[in-house]
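K.L.:
Handing you this structure, nothing more for now.
2 protein chains.
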Amino acid sequence: MVTMEKFNAHTNQTESHQTLTDKLRGVGLRATRQRLDIGSLLFSGKDRHVTAESLHDEATAAGMKISLATIYNALNQFTDAGLLREVLVDPSRTYFDTNTSSHHHFFNIDNGHLTDIPHDEINVSCLPTLPEGQIIDGVDVLIKIKPKS
Amino acid sequence: MVTMEKFNAHTNQTESHQTLTDKLRGVGLRATRQRLDIGSLLFSGKDRHVTAESLHDEATAAGMKISLATIYNALNQFTDAGLLREVLVDPSRTYFDTNTSSHHHFFNIDNGHLTDIPHDEINVSCLPTLPEGQIIDGVDVLIKIKPKS
DNA sequence: TTTTTTATTTAGAACTATTCTAAACTATTG
DNA sequence: CAATAGTTTAGAATAGTTCTAAATAAAAAA
Chain A
377 MVTMEKFNAH
387 TNQTESHQTL
397 TDKLRGVGLR
407 ATRQRLDIGS
417 LLFSGKDRHV
427 TAESLHDEAT
437 AAGMKISLAT
447 IYNALNQFTD
457 AGLLREVLVD
467 PSRTYFDTNT
477 SSHHHFFNID
487 NGHLTDIPHD
497 EINVSCLPTL
507 PEGQIIDGVD
517 VLIKIKPKS
Chain B
377 MVTMEKFNAH
387 TNQTESHQTL
397 TDKLRGVGLR
407 ATRQRLDIGS
417 LLFSGKDRHV
427 TAESLHDEAT
437 AAGMKISLAT
447 IYNALNQFTD
457 AGLLREVLVD
467 PSRTYFDTNT
477 SSHHHFFNID
487 NGHLTDIPHD
497 EINVSCLPTL
507 PEGQIIDGVD
517 VLIKIKPKS
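Just so you know, the protein sequences line up as chains A and B, in that order.
First residue of the first sequence? That's 377 in the numbering used here, and the numbers climb one at a time after it.
First residue of the second sequence? That's 377 in the numbering used here, and the numbers climb one at a time after it.
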């Protein structure tokens, strides 16, 4: 069997070093050694979830020399460029809600304001099968909003 | 018009100092001056969203002497007891996802693992009317799971 | 009651994730 | 190549939160 490059279902193109360079240039970022290294870890076919630290550890283990600050920079730049997406987990500035009934929230990313979405105005038809032996602890829906243009 | 105590739709009882004491005792917490003060700010009828800091500022402005550490303690204890609910916003340990398509997540609160929920396995019928002049920036659904008992 | 036990509060230190700073470095442009 | 504009980096700074251990207050026992 011949060695093949991996096919990426999201970008619809093979992920070689060259296309990674193109990908970075395409979003206005210079194809530096560090970004190529980071990109090679992130965009090699399968979908991944990483934190800055986990990625830094991984890069270090792979013998790549990249500072933690650069990892943070790159992750934020990739996210701004739409190459990554942030996942809301494990909040730092924690908001507490006196309404403990099942309901969800609008979060105004412009001014940080949080407002309730009445329980009956949103409907999560939650069919997904849970991983074996697991049960639901809670469901959070956050709709991030911002001022029109 | 006679002064009336506020009626709380959630607890189905009037919110006097006495019922606040009961409320705290009911969840196994001593009715200390600080917790009563904090409770009087939180549970006086209307639903609220607060952070530890905002509540501390508010308490201080109201002439209450409560340390920030105590505010944190109380908010966490109230939350553990089900009197408050945490809202996921403004993450600190940020997770980045290489899958930028619209999809959501399972978060295993036991071991911190994050897994994708395929796009077609969850459905948010999102009817709510947005506040005037606002548009949607993104929707996050996080289903927190844990091991069966 | 008074005493004893146990929970709570607190200031300040510690911690953790993240961003900032400013100097050294590197890619790109002319 | 030289100039310029973007990038990397170590380390300092910041912010939200938790921890520590001593002082205090509430509840239970006597």
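Each residue gets a CB set at the ideal place from its N, CA and C atoms; glycine is no exception.
(1) When the Cα of Lys422/B is compared with those of Arg411/A, Asp492/A, Ala450/A, Ala437/A, which residue comes out closest?
(2) Using CA atoms only, rank isn't needed, just tell me which of His432/A, Leu451/A, Glu462/A is closest to Leu444/A.
(3) Have a look at Asp516/A and Ile447/B and give me their C-alpha separation to the nearest angstrom.
(4) Less than 8 Å between the beta carbons of Phe519/B and Ile414/A, yes or no?
(5) Check the C-beta distance from Ile521/B over to Gln510/A and give it rounded, since I have them as a contact under 8 Å.
(6) Whose C-alpha, out of Thr455/B, Leu451/B, Asp496/B, Ala457/B, is nearest the C-alpha of Ser430/B?
(7) In the structure shown, what three-state DSSP assignment does Glu462/A receive?
(8) Compare the C-alpha of Asn449/B against each of Met440/B, Gln410/B, Lys524/B, Thr395/B and name the closest.
(9) DSSP state of Ile442/A, grouped into three classes?
(10) Please confirm if Gln453/B has its CB atom under 8 Å from at least one CB of chain A.
(11) Work out the CA separation of Leu412/B and Leu396/B for me, nearest whole Å.
(12) To the nearest angstrom, how far is it from the Cα of Leu460/B to the Cα of Val426/B?
(13) Within 8 Å (strictly less), CB to CB, does Gly402/A reach chain B?
(14) Given a cut-off of 8 Å on the beta-carbon distance, is the pair Ala428/B and Leu417/B in contact?
(15) Let me check understanding here. Comparing Cα to Cα, which of Asp496/A, Lys441/A, Leu405/A, Gly439/A lies closest to Ile505/B?
(16) How is the alpha helix (DSSP H) around Arg411/A delimited, first residue to last?
(17) Along the chain, where does the alpha helix (DSSP H) containing Asp433/B start, and where does it finish?
(18) Any beta-carbon of chain A closer than 8 Å to the one on Ile512/B?
(19) Let me see if you follow: with CB-CB separation under 8 Å, is Ile521/A close to chain B or not?
P.N.:
Considering the structure as presented:
(1) Asp492/A
(2) His432/A
(3) 24 Å
(4) Residue 519/B is actually Ile in this sequence, not Phe. Not closer than 8 Å, so no.
(5) 4 Å
(6) Leu451/B
(7) strand
(8) Gln410/B
(9) coil
(10) no
(11) 7 Å
(12) 10 Å
(13) no
(14) no
(15) In the sequence under discussion, the amino acid at residue 505/B is Thr, which differs from the Ile named in the question. Looking at the Cα atoms, Asp496/A is the closest of the given residues.
(16) 409–418
(17) 428–437
(18) yes
(19) yes
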